[in-house]
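First the structure, in the form of structure tokens, and then the observations on it.
Numbering (the working numbering), first residue to last: 79 to 441.
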């Protein structure tokens, strides 16, 4: 049973059912006098039919529906704004108490990815990231994480868009492992066959390397892992990612290896994310250092052309330099992919999500 289950005891305040994974929902429903199988029935209504009205759940007894109405509700925060890029990328914005959450939908031929946020802002203050520059506001609740997927799927269905969400990446605003409990609970709903029912290999959690939380995650849930490394040594990483002074590269990679040892979602290795910054981390020597650093780490490397934002002094490596860097890695036996930037014109590309605090491309 969930150690924090006391927060779900019936009280005067109503509970948003989107905050509850299956285990917690079963406990809550049992406390109302419902049969155990009612849990799966209600999850089907919520996540298959996008129903938020208890009185439309006709296969639930009226007695239980009345109790549900009295003690709980189903609320997925609505998107208040939609921005569509020339390349088909969509950015949706949610506003809660004047705080904005950004969610990005990226359609491709064979799959469609939803990039979701786990925090409003970010406390890590990576120098090359607009989200970090914007500062930290708060962690998202489970329901606020889940609402991004719930609303996106609902909108795509209403628009008759056949490219439904097939992949989810925790790469939006925030560091997921600094909101570990809520992220794990949300992941359980995403993985659950009565929730969104996605495969663990279709969910990617991106982290800058919060080692204690990564170690805890290893014993809690199995999903695809992406490590935001961005440097081939501690000297460079200390300069661009302050968190490295607390959890250095060696500690992060050791923790990653432990995660990979027991993970079925990462059978092809971990994804290493590496932003390309002109004159900072993009030299031939840096490429060789990175290859040596990762020589014992089963991995593929995503090279990310840096996306500009107002107030930053960085420049993106030119495409020739990025290709040279990639080829060095490939010659050393690595799969090196140059990420295609999507949604730059609507500030939806990697490192550009800020909410309402700053506008990255405002002049």
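For glycine and all other residues, C-beta sits at the position ideal for the given N, C-alpha and C. Remember, predicted model here, so these are calculated numbers, not experimental data.
Distance CB(residue i)-CB(residue j) smaller than 7 angstroms
i: residue 191; j: residue 200; result: no
i: residue 196; j: residue 290; result: no
i: residue 137; j: residue 152; result: no
i: residue 414; j: residue 420; result: no
i: residue 286; j: residue 202; result: yes
i: residue 173; j: residue 194; result: no
i: residue 424; j: residue 109; result: no
i: residue 379; j: residue 412; result: yes
i: residue 302; j: residue 282; result: yes
i: residue 125; j: residue 248; result: no
i: residue 395; j: residue 360; result: yes
i: residue 369; j: residue 410; result: yes
i: residue 406; j: residue 365; result: yes
Range of the contiguous beta strand (DSSP E) that encloses residue i
i: residue 199; result: 197 to 199
i: residue 351; result: 348 to 354
i: residue 144; result: Note, residue 144: premise wrong, no beta strand (DSSP E); alpha helix (DSSP H) at 140 to 149.
i: residue 404; result: Taken as a continuous stretch (DSSP letters only), residue 404 belongs to no beta strand (DSSP E), being part of the alpha helix (DSSP H) at 397 to 409.
i: residue 377; result: 377 to 383
Expected contact under 8 angstroms - CB spacing of residue i and residue j to nearest Å
i: residue 313; j: residue 354; result: That pair is no contact at about 18 angstroms.
i: residue 41; j: residue 347; result: In the structure as shown, the chain begins at 79 and stops at 441. Residue 41 is therefore absent and cannot be evaluated.
i: residue 104; j: residue 91; result: At roughly 20 angstroms, the Cβ-Cβ gap does not stay under 8 angstroms, so residue 104 and residue 91 are not in contact.
i: residue 220; j: residue 231; result: Not quite, the Cβ-Cβ distance comes to about 17 angstroms (not below 8 angstroms), so this is no contact.
i: residue 351; j: residue 416; result: In fact, because the Cβ distance is near 12 angstroms, the residues do not count as touching under 8 angstroms.
i: residue 317; j: residue 257; result: With a Cβ gap of about 26 angstroms, residue 317 and residue 257 do not count as contacting.
i: residue 267; j: residue 224; result: 6 angstroms
i: residue 222; j: residue 155; result: 6 angstroms
i: residue 169; j: residue 161; result: 5 angstroms
i: residue 179; j: residue 198; result: 6 angstroms
i: residue 342; j: residue 293; result: Wrong, their Cβ atoms sit about 18 angstroms apart, outside the cutoff.
i: residue 245; j: residue 189; result: 5 angstroms
i: residue 228; j: residue 128; result: 7 angstroms
First and last residue of the uninterrupted alpha helix (DSSP H) at residue i
i: residue 186; result: Counting along the chain, residue 186 falls outside any alpha helix (DSSP H), and DSSP gives it neither H nor E.
i: residue 105; result: 100 to 109
i: residue 371; result: 362 to 371
i: residue 330; result: 327 to 340
i: residue 316; result: 312 to 318
i: residue 118; result: 116 to 125
i: residue 293; result: 289 to 296
i: residue 230; result: 220 to 236
i: residue 323; result: Neither: residue 323 is in no alpha helix (DSSP H) and is coded neither H nor E.
i: residue 264; result: 258 to 269
Per DSSP, cross-strand counterpart(s) of residue i
i: residue 178; result: 173
i: residue 247; result: 193 and 282
i: residue 168; result: 162 and 183
i: residue 394; result: 355
i: residue 302; result: 282
i: residue 415; result: 380
i: residue 214; result: 199
i: residue 94; result: 151
i: residue 157; result: 172
7 angstroms CB neighbourhood of residue i in its chain, flanking five on each side removed
i: residue 117; result: 100, 103, 104 and 107
i: residue 300; result: 278, 341, 342 and 343
i: residue 331; result: 375
i: residue 288; result: 253, 255, 256 and 325
Own chain partners of residue i with C-beta closer than 8 angstroms, once the 5 adjacent residues on each side are dropped
i: residue 206; result: 308, 318, 353, 355, 384, 390, 392 and 429
i: residue 167; result: 182, 183, 184, 185, 420, 421, 424 and 426
i: residue 111; result: 141, 142 and 145
i: residue 265; result: 281, 283, 299 and 301
i: residue 251; result: 179, 180, 195, 196, 197, 198, 199, 200, 209, 431, 432 and 433
Contact set for residue i: own chain, Cβ-Cβ below 6 angstroms, skip 5 residues either direction
i: residue 435; result: Any reading at residue 435 needs caution, since the residue's pLDDT is 39, under 50, leaving its predicted position unreliable; the model's value is listed next. Hits under 6 angstroms: 212.
i: residue 226; result: 181 and 194
i: residue 271; result: none
i: residue 177; result: 198 and 215
i: residue 165; result: 420
i: residue 234; result: 242
i: residue 321; result: 202 and 286
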